[in-house]
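These notes are about the structure you will find just below.
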Amino acid sequence: MLSAKSLFIAISTVVLTVSKANAFTGRATWDSLGTTPCPVQCTPLTDFRVALPVDLFPNGEHCCEKVQVTYQGTSLDVTFTDLFLAGQGSFNISLSNQAFAELAPLELDQISPVTWNFV
Ligand SMILES: *[C@@H]1O[C@H](CO)[C@@H](O)[C@H](O)[C@H]1NC(C)=O
């Protein structure tokens, strides 16, 4: 079993590696299931939002920053407004329906592979 200390070190390492230089690959959904708002409210309010895996940002680090999401050659910038609880342990993301619709028809429900990184 992991001690609290080694768990802390493991999480810190993950957080440190989340930088603008890294791009992550996962699946995007838009149902907003298993998401919770960031600890801070991001202004201005926008319809183009993304929820990122909570274990990468356990204290809401990087909340409200812009994230570029790319699928099949189409990119768009969204704001990191929510934490994706259900995405823990992955690089999967949950987009607002408006953002998802820019990348693919909503009927698809999920798209993969999607790459994302901080702008
Ligand atoms: C991430 O998405 C993949 C499909 O691309 C899925 O198999 C996997 O279960 C997802 N992981 C989580 C934590 O939701």
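Residue numbers (this note's numbering): 842 to 960.
All residues carry an ideal CB built from backbone N, CA and C; glycine is no exception.
No experiment lies behind these values; they were computed from the predicted model shown.
Close-in-space but distant-in-sequence residues of the same chain around residue i (CB under 7 Å, 5 per side omitted)
{"i": "Phe941", "result": "Ala869, Trp871, Leu947"}
Residue j beta carbon less than 9 Å from that of residue i
{"i": "Thr911", "j": "Val960", "result": "no"}
{"i": "Gly867", "j": "Ile934", "result": "yes"}
{"i": "Phe921", "j": "Val908", "result": "yes"}
{"i": "Thr887", "j": "Leu924", "result": "no"}
{"i": "Val881", "j": "Gly928", "result": "no"}
{"i": "Ser937", "j": "Val891", "result": "yes"}
Residue i - DSSP class collapsed to helix/strand/coil
{"i": "Ala945", "result": "coil"}
{"i": "Gln929", "result": "coil"}
{"i": "Asp918", "result": "strand"}
{"i": "Gln882", "result": "coil"}
Residues near residue i by beta carbon distance below 8 Å, same chain, minus five either side
{"i": "Leu944", "result": "Ala869, Val910, Tyr912, Gln913, Thr915, Leu917, Leu936, Ile952, Val955"}
Contacts around residue i, its chain only, beta-carbon distance under 6 Å, and the 5 residues preceding and following it disregarded
{"i": "Glu906", "result": "Phe921, Phe959"}
{"i": "Phe865", "result": "Phe932, Trp957"}
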